[in-house]
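Engineer:
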Amino acid sequence: MRIVCPFCGERELGEFTYLGDAKPVRPEAGASEDEVFDYVYLRDNVAGQTSEYWYHGGGCRAWLKLTRNTLTHEISSVEPAAGVGARQAVK
Amino acid sequence: MSSCAILSSTIRMEGASVADFSWTARSPLEHALVAGTHGARGVEAGVSLTEIRNFDLIQVMARRGQGAELGKAAKARFGVAVPDAPKAVQTSDATLIWSGPDQFFVLSKGGKHAMQTLAPALSGSLSDQSHARALISISGAKARAMLAKLSSIDLHSDAFPVGAAAATSMDHTSVTLWRGGDRPDGQAVFNLLVFATFAESLWHTMLDSAAEYGVATGHSAELA
Ligand SMILES: [Zn+2]
Chain A
207 MRIVCPFCGE RELGEFTYLG DAKPVRPEAG ASEDEVFDYV YLRDNVAGQT
257 SEYWYHGGGC RAWLKLTRNT LTHEISSVEP AAGVGARQAV K
Chain B
1006 MSSCAILSST IRMEGASVAD FSWTARSPLE HALVAGTHGA RGVEAGVSLT
1056 EIRNFDLIQV MARRGQGAEL GKAAKARFGV AVPDAPKAVQ TSDATLIWSG
1106 PDQFFVLSKG GKHAMQTLAP ALSGSLSDQS HARALISISG AKARAMLAKL
1156 SSIDLHSDAF PVGAAAATSM DHTSVTLWRG GDRPDGQAVF NLLVFATFAE
1206 SLWHTMLDSA AEYGVATGHS AELA
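Heads up: the sequence lines are chains A and B, in that order.
Going by our numbering, the residue at position 55 of the first sequence is 261; the numbering climbs one at a time, nothing skipped.
Going by our numbering, the residue at position 115 of the second sequence is 1120; the numbering climbs one at a time, nothing skipped.
This is how it looks when you write it as structure tokens:
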């Protein structure tokens, strides 16, 4: 598998680290225990399109957000993840 | 900072000196680098590995959302636009090497762009890496063949011309790699910055990879 880093270009998988599912969104303050439990622990095991965070630690050290098909490993989009967390935090 | 520079410091406490110490800055390759020829014998060395010593290296990173301001300040300082893509740009007395989005290295000699002089001129976060990296210059007829064993990057001239740079990994070690100006005989020169603590390991790996071609090793105080 190769990932096309938006900053560095196409690189081998060994330069990247998988962080995890990019889908869960931190619940609002005061959310129910079930919602928080879901956010912290529960993950979908998708056969198909997923969105994921990857880290280009062996390269430019940017965080990336990928759309990847778990059946084919086809990566349909890669974008910088920078700012995603910050936007969620101030919501 | 010169490799033979004596750095000294005095820690003062309540007006009295409690500790005086000094040390000598040394190359991280001091032990590993044995100047001479290695590997295949009876042939002209296909690879030259030269450690460059005594350089000033400052990492400059823009604060969040301030890449444009930093770019403006850097252009005023260096007279050229700083690289905003994987490239190395040569100025009259420094090399600016892209190291990631909104960040770059300033490589120079003789204190012209050392921390004290650069910090007031540039906004952003500056970090002195002069003693934190080793700088290795790789050239020779078989330089690409040797590097191809360690790097997944296409280093053919069409894909990696003079001035191209990459933040990448070699032998599981993060490196900053860029192509300097060609040697007078037209051969390509690849420059590599590696963390000081990984330098010895990568040096041995490159020596092993180059052995079949014959390797000439040495060190120099001149930036390629
Ligand atoms: Zn990258």
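The beta carbon of each residue, even a glycine, is placed where N, CA and C say it ideally should be.
1) Would you identify the three-state DSSP class for M1006 (chain B), choosing helix, strand or coil?
2) Compute the distance between the beta-carbons of L1038 (chain B) and W1208 (chain B), then report whether it is under 8 Å.
3) Do you know how far the Cα of V1167 (chain B) is from the Cα of R1184 (chain B)?
4) Listed from N- to C-terminal order along the chain, which residues in the stretch 1156 to 1173 of chain B have their beta-carbon within a distance smaller than 9 Å of any beta-carbon of chain A?
5) Please work out which residues of its chain come closer than 6 Å, Cβ to Cβ, to G1051 (chain B), disregarding the five sequence neighbours upstream and downstream, and give them in chain order.
6) Name, going along the chain, the residues of the stretch 266 to 278 of chain A whose beta-carbon falls closer than 9 Å to a beta-carbon of chain B.
7) Enumerate in chain order the residues of its own chain whose CB-to-CB distance from A1040 (chain B) is below 8 Å, with the five nearest sequence positions on each side excluded.
8) What do you get for W1028 (chain B), buried or exposed, if any count of 16 or more other CB atoms within 10 angstroms of its CB means buried?
9) Looking at chain A, is there any beta carbon in it that lies within less than 8 Å of the beta carbon of S1179 (chain B)?
10) Below 7 Å, is the gap between the Cβ of G220 (chain A) and the nearest heavy atom of ligand 1?
11) For T278 (chain A), which three-state DSSP category applies?
12) On the DSSP bridge list, what partners appear for E216 (chain A)?
13) Among the residues of its own chain, which have a CB less than 7 Å from the CB of E218 (chain A), if the five just before and after it don't count?
14) Between the C-alpha atoms of F222 (chain A) and F1109 (chain B), what's the straight-line distance to the nearest angstrom?
15) Does the beta carbon of G291 (chain A) sit closer than 8 Å to a beta carbon anywhere in chain B?
16) From R1149 (chain B) to A1086 (chain B), what distance separates their C-alpha atoms?
17) Quick one: does E285 (chain A) have its CB under 8 Å from some CB of chain B?
18) How big is the Cα-Cα spacing for Q1071 (chain B) and V1065 (chain B)?
19) Got a sec? Which residues, its chain only, sit under 8 Å from L1212 (chain B) by beta carbon, not counting five neighbours each side?
20) For the stretch 1106 to 1129 of chain B, which residues have a beta carbon sitting closer than 8 Å to at least one beta carbon of chain A?
21) Under the three-state reduction of DSSP, which class applies to H1177 (chain B): helix, strand or coil?
22) Measuring from the CB of F213 (chain A), is there a heavy atom of ligand 1 at a distance below 7 Å?
23) Touching or not, the stretch 222 to 234 of chain A and the stretch 254 to 269 of chain A, by the rule of three or more beta carbon pairs under 8 Å?
24) So with CB distances below 7 Å, who are the chain A contacts of P1091 (chain B)?
25) For H1209 (chain B), which three-state DSSP category applies?
26) Mind checking the stretch 215 to 228 of chain A against chain B and listing, in chain order, the residues whose C-beta falls within less than 8 Å of any C-beta there?
27) Kindly indicate if chain B contains any beta-carbon less than 8 Å away from that of G264 (chain A).
28) State the CB to CB distance for the pair N1196 (chain B) and S1142 (chain B), rounded to an integer number of angstroms; the pair is presumed to be in contact (CB under 8 Å).
Structural biologist: According to the structure shown:
1) Indexing the second sequence from 1 puts residue 1006 (chain B) at position 1. Confidence at M1006 (chain B) is low in this model, with a pLDDT of 41, below 50, so the placement of that residue should be treated as unreliable; the coordinate-derived value is given next. Note: M1006 (chain B) maps to coil in three-state DSSP.
2) Position 33 of the second sequence, counting from 1, holds the residue named residue 1038 (chain B). Position 203 of the second sequence, counting from 1, holds the residue named residue 1208 (chain B). The answer is yes: Cβ separation under 8 Å.
3) Reading the second sequence from its first residue, position 179 is the one you call residue 1184 (chain B). Reading the second sequence from its first residue, position 162 is the one you call residue 1167 (chain B). Taking the straight line joining both Cα atoms gives about 5 Å.
4) S1157, I1158, A1171, A1172, T1173
5) Taking the second sequence and counting its residues from 1, one reaches residue 1051 (chain B) at position 46. Same-chain partners within the cutoff: G1145, A1146, K1147, Y1218, G1219.
6) C266, R267, A268
7) Reading the second sequence from its first residue, position 35 is the one you call residue 1040 (chain B). Beyond the five residues adjoining it in sequence on each side, A1040 (chain B) comes within less than 8 Å, by CB distance, of T1222, G1223, H1224 in the same chain, given in chain order.
8) Translated into the one-based positions of the second sequence, residue 1028 (chain B) becomes position 23. Classification of W1028 (chain B): exposed, given that the 10 Å Cβ count is below 16.
9) As a working mapping, residue 1179 (chain B) is identified with position 174 in the second sequence. Closer than 8 Å to some Cβ of chain A, the Cβ of S1179 (chain B) qualifies, so yes.
10) Counting from 1 along the first sequence, the entry for residue 220 (chain A) is found at position 14. False, no ligand heavy atom lies under 7 Å from that Cβ.
11) Here residue 278 (chain A) refers to the residue found at position 72 of the first sequence. Note: T278 (chain A) maps to coil in three-state DSSP.
12) Taking the first sequence and counting its residues from 1, the one referred to as residue 216 (chain A) is at position 10. According to DSSP, which records beta bridges pairwise, E216 (chain A) is partnered with A:V210.
13) The residue labelled residue 218 (chain A) in the question sits at position 12 within the first sequence. Within the same chain, and ignoring the five residues on either side of E218 (chain A) in sequence, the residues whose Cβ sits closer than 7 Å to its Cβ are R208.
14) Residue numbering aside, residue 222 (chain A) sits at position 16 when the first sequence is read from its first letter. Residue numbering aside, residue 1109 (chain B) sits at position 104 when the second sequence is read from its first letter. The straight-line gap from Cα to Cα measures roughly 21 Å.
15) Residue mapping note: residue 291 (chain A) aligns to position 85 of the first sequence, counting from 1. Residue placement at G291 (chain A) is poorly supported in this model, since its pLDDT is 46, which falls under 50; the coordinates still yield a value, given next. Judged by the 8 Å Cβ criterion, G291 (chain A) is not in contact with chain B.
16) For the purposes of this step, residue 1149 (chain B) is taken as residue 144 along the second sequence, with counting starting at 1. For the purposes of this step, residue 1086 (chain B) is taken as residue 81 along the second sequence, with counting starting at 1. If I take the Cα positions, the gap works out to 29 Å.
17) Numbered from its first residue, the first sequence carries residue 285 (chain A) at position 79. By this cut-off, E285 (chain A) is not an interface position.
18) Start at 1 with the first residue of the second sequence, and residue 1071 (chain B) comes out as number 66. Start at 1 with the first residue of the second sequence, and residue 1065 (chain B) comes out as number 60. In a straight line, the C-alpha of Q1071 (chain B) is about 12 Å away from that of V1065 (chain B).
19) Numbered from its first residue, the second sequence carries residue 1212 (chain B) at position 207. Closer than 8 Å at Cβ, skipping near neighbours: H1043, G1044, L1054, V1220, T1222.
20) Those residues of the stretch 1106 to 1129 of chain B that come within reach of chain A (Cβ to Cβ, closer than 8 Å) are P1106.
21) In the second sequence, the residue the question calls residue 1177 (chain B) occupies position 172. Looking at H1177 (chain B) - three-state DSSP - the assignment turns out to be coil, as it is neither helix nor strand.
22) Indexing the first sequence from 1 puts residue 213 (chain A) at position 7. Yes - ligand 1 has a heavy atom lying nearer than 7 Å to the Cβ of F213 (chain A).
23) yes
24) Residue numbering aside, residue 1091 (chain B) sits at position 86 when the second sequence is read from its first letter. Near P1091 (chain B) (Cβ distances below 7 Å), the residues of chain A are C214.
25) Your numbering for residue 1209 (chain B) matches position 204 in the second sequence. Helix.
26) G215, R217, E218, G220, E221
27) Residue mapping note: residue 264 (chain A) aligns to position 58 of the first sequence, counting from 1. G264 (chain A) counts as touching chain B.
28) Position 191 of the second sequence, counting from 1, holds the residue named residue 1196 (chain B). Position 137 of the second sequence, counting from 1, holds the residue named residue 1142 (chain B). Yes, N1196 (chain B) and S1142 (chain B) are in contact; Cβ-Cβ is about 5 Å, under 8 Å.
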